[in-house]
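Its first residue numbered 86, the sequence shown is counted upward by one per residue in the numbering used here.
Every residue gets a Cβ at the ideal spot worked out from N, C-alpha and C, and that includes glycine.
Below you'll find the structure, written out as structure tokens, and then a few comments.
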Amino acid sequence: MKKITIAIDGHSSCGKSTMAKDLARELGYIYIDTGAMYRAVTLYALNQGLLTERGIDEEGLRRQMDQIMITFVINPEKGRPDTYLNGECVEDRIRTMEVSKHVSQVAALGFVREAMVDLQRLMGEAKGVIMDGRDIGTVVFPDAELKVFVTASAEIRAQRRYDELKAKGEACNYDEILQNVLERDRLDSTRKISPLRKADDAIVLDNSHMTIEEQKLWLMERVEEVLGNK
Ligand code: DC
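Put into structure tokens, the structure is as follows:
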């Protein structure tokens, strides 16, 4: 069967990755969470003391970029990929509030984006890939056969994030999460390099009032259309 490239972009915490991961498993495609890659760089910077409340040591991070190795390894229990930073599984550590607070700042740096986009293009060059992020349909794979732009209200996204952290037993506060969601929307949409925006040829999915099951069905129908099965 013909393999295509599927680009899923949209706001933070709108459930992009859940639907993308499930679709990848069903299609036998590779799933790449590009947000996880920016989160891994952020964790690296925090670990190395390059990122503190005072700000970011840009030159230090630039010098160390070639020491950051990011890979994805399928977790056999979950059937989904985990993120590895320099050989160590960091899947949980990159999802903490500390990383969330700093990641937009790191993702706005041109040299970080260049390195990540190069890696993403390499990971997706053989097609049969679903990539989720902010600039996949606009910058990384502008020729993707299917582009989806996902959104939901900020309050609903904050609630989903709250439920997720709570389920993991992490201490969290709804208002703090909502502020983080709003602030990341602002930073991601207004940054100079590759700001979050819908590609002209992307299909919009507002999933504020949809279940995960409904989203999966909706997405599968779009795939079938592109593959010419519908
Ligand atoms: O999808 P996420 O919330 O895990 O993404 C984390 C951050 O990374 C988000 O604030 C924006 C940034 N990001 C980006 O700039 N470009 C991408 N392709 C993916 C994520």
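Uninterrupted beta strand (DSSP E) stretches inside the segment 185-253 (no shorter than 3 residues): Runs of the beta strand (DSSP E) inside the segment 185-253: 214-218 and 231-236.
beta-carbon T156 near ligand 1 non-hydrogen atom, thresh 8 angstroms: Outside the cutoff, so no.
Three CB pairs or more closer than 8 angstroms across the segment 210-224 and the segment 90-102: yes
Whole-Å CB distance - V311 paired with E230, under 8 angstroms assumed: The pair is a contact, with the Cβ atoms about 5 angstroms apart (cut-off 8 angstroms).
Assigned secondary structure, G145 (DSSP; H/G/I helix, E/B strand, else coil): helix
Closest by C-alpha distance to G172, when choosing among Q152, G164, E162 and K186: Q152
Proximity of G100 and N265 at Cβ, strictly below 9 angstroms: no
M104 burial status per 10 Å Cβ neighbour count (16 or more: buried): buried
Closer than 8 angstroms: G120 CB and nearest ligand 1 heavy atom: yes
Where L302 falls, given that 16 or more other Cβ within 10 Å makes a residue buried: exposed
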